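Protein chains in written order, with the working numbering: chain A, 407 to 487; chain B, 407 to 487; chain C, 1371 to 1523; chain D, 1371 to 1523.
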């Protein structure tokens, strides 16, 4: 699964990463846990409620079930222009 | 005495005029009357309270006594910028 | 606060004014500018041939200075520029340019807004609009006076 | 209402933007513009080497469009222009340019003011300030949020 990170997380984890998603990782919440295990230094940032997940240019909730073919983007709070 | 007119009055009477002032014409109010006699077409504009007299770059009142050596300027209401 | 004013006899380029103003700044973050352009038609819809701004040889420039200085005292701006035409102005030409710079964009907006409201009533000009169907002298509108009153203590 | 937005990868000239904007107008009387410039120092006073504006390939441009369109719906403006940089911006360079034109100067002031307040909180950017004493990511300030809230119904 393709994952994109923006802002501070992009600097910490890399702007784009591909992860092998095990069958038990189904939702956005599951995906956060998996990513936190893969990137322990960023685990605090990855668990923040202010970090929003975005699929197909729409913000999705924690229970959104992610298909393996989808790209998930993680947005820290916007800084604005 | 040198008289300057601005705005609408400048178009009606001319921007600059010189008048011979008789001894009984002492104040701004007297001067208005004299000018109204000299320029009957502008007499209504010349008697308007909104027309202000200015001497040495300062607005003066109706009882201001004008010296023959002074220039009197008449300002219709400002239009602003 | 640095401020400068210019009573301009000839047409000027507002974009060039902005460029010059920006070039003189150091660490201001926000710059607000206003450009007022002579309209091509009267309120009644007749085509305007020209605007004539009668002015006073000393008091007009002084009124621009007074307004710019008051804006500087009132708002936290570091630089202010006011350019105003006098004499004959053709439709589509800029009549007025105001720019205000500040570290805080709110102050820059308010200063430019204030300068325009003050100029509209307090600048020493007498304006005549020469339209195809005749000339007439203009006085401040009630709306101009209301804008001006917003800034009264 | 005509509006146009530009998400700019390279430095741009705000004065040229104003010139182009003015050239496209017809009978609007008032034009308000805002220029936001990258500051040379952090809030703490350290020299800034560069600002980095991380952006989203689609949502950032869409957020500029949304803000410009909302301003057009809300205010009586006839033309609106928004230019915003992304990527690396050097201190002193323009980050944002906003221009609004209207027959009524109040509407032009309010539209430009509104666009800036909205952009400061709602534009899809993540900003990093690279200063000599380190880099840090910026979030909207309470004051930005308060400005934004002024426009809520």
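All C-beta atoms, glycine included, are put in the ideal place defined by N, C-alpha and C.
A quick note: this is a predicted structure, and the numbers were derived from the prediction, not measured.
- Residue 472/A sits close to residue 434/A, with the two beta carbons spaced by under 8 Å.
- Apart from the 5 residues on each side of it in sequence, residue 1426/C sits with its Cβ closer than 6 Å to the Cβ of 1494 in its chain, given in chain order.
- Listed along chain D are 1407, each with a C-beta nearer than 8 Å to that of residue 1398/C.
- With respect to the 8 Å criterion, residue 1424/C and residue 1496/C are classified as neighbours on the basis of their beta carbons.
- Against chain D, the beta carbon of residue 1388/C has neighbours under 8 Å at 1384, 1385, 1388, 1403 and 1405, listed in chain order.
- Residues of chain D with a Cβ closer than 9 Å to the Cβ of residue 1479/C are, in chain order, 1402, 1404, 1479, 1482, 1483 and 1486.
- Three or more beta-carbon pairs separated by less than 8 Å link the stretch 1496-1505 of chain D to the stretch 473-485 of chain A, which places the two stretches in contact.
- DSSP places residue 1476/C inside the alpha helix (DSSP H), whose first and last residues are 1475-1492.
- Rounded to whole angstroms, the Cβ separation of residue 1411/D and residue 1405/D is 18 Å, and the two are not in contact under 8 Å.
- For residue 1391/C, the enclosing alpha helix (DSSP H) stretches over residues 1384-1393.
- At a beta-carbon threshold of 8 Å, the residues of chain D lying near residue 1475/C are 1404, 1406 and 1486, ordered along the chain.
- Residues of chain C whose Cβ lies closer than 7 Å to the Cβ of residue 412/B are, in chain order, 1424, 1426 and 1496.
- Distance check between residue 1392/D and each of 1492/C, 1480/C, 1463/C and 1506/C places 1463/C closest, using alpha-carbon atoms only.
- Residue 1383/D and residue 1455/D have their C-alpha atoms some 11 Å from each other.
- Chain-ordered listing is empty here: chain C has no CB closer than 7 Å to the CB of residue 451/B, the nearest sitting near 10 Å.
- Contacts with chain D at 8 Å (Cβ-Cβ) do not include residue 1491/C.
- Residue-level contact check: residue 1511/D does not touch chain C, since none of the beta carbons of chain C fall below 8 Å from its beta carbon.
- For residue 1411/C, the chain D residues whose Cβ falls inside 9 Å of its Cβ are 1397, in order along the chain.
- Residue-level contact by beta carbon fails for residue 1434/D and chain C, as no gap is shorter than 8 Å.
- About 5 Å separates the CB atoms of residue 1402/C and residue 1479/C; that is less than 8 Å, so the two are in contact.
- In the three-state DSSP reduction, residue 413/A falls in the helix class (H, G or I).
- A Cβ-Cβ distance of about 23 Å is found for the pair residue 1517/D and residue 1471/D, leaving them out of contact under the 8 Å criterion.
- With respect to the C-alpha of residue 415/B, the residue from 431/B, 467/B, 463/B and 456/B having the closest C-alpha is 456/B.
- For residue 1445/C against residue 1481/C, the beta-carbon gap comes to about 4 Å, under 8 Å, which counts as contact.
- Under the Cβ criterion of 8 Å, residue 1502/D is not counted among the residues facing chain A.
- A distance below 6 Å between beta-carbons, with the five flanking residues on each side excluded, links residue 1458/C to the following residues of its chain, in chain order: 1420 and 1422.
- Per DSSP, residue 434/B has no beta bridge partner at all.
- Taking the C-beta atoms as reference points, residue 1437/C is found nearer than 8 Å to residue 1489/C.
- In terms of CA proximity to residue 1506/D, 417/A leads the group 408/A, 409/A, 417/A and 407/A.
- Among the residues facing chain C, residue 482/B is included, as its CB has a counterpart in that chain under 8 Å away.
- Residue contact check for residue 475/B against chain C: no CB pair falls below 8 Å.
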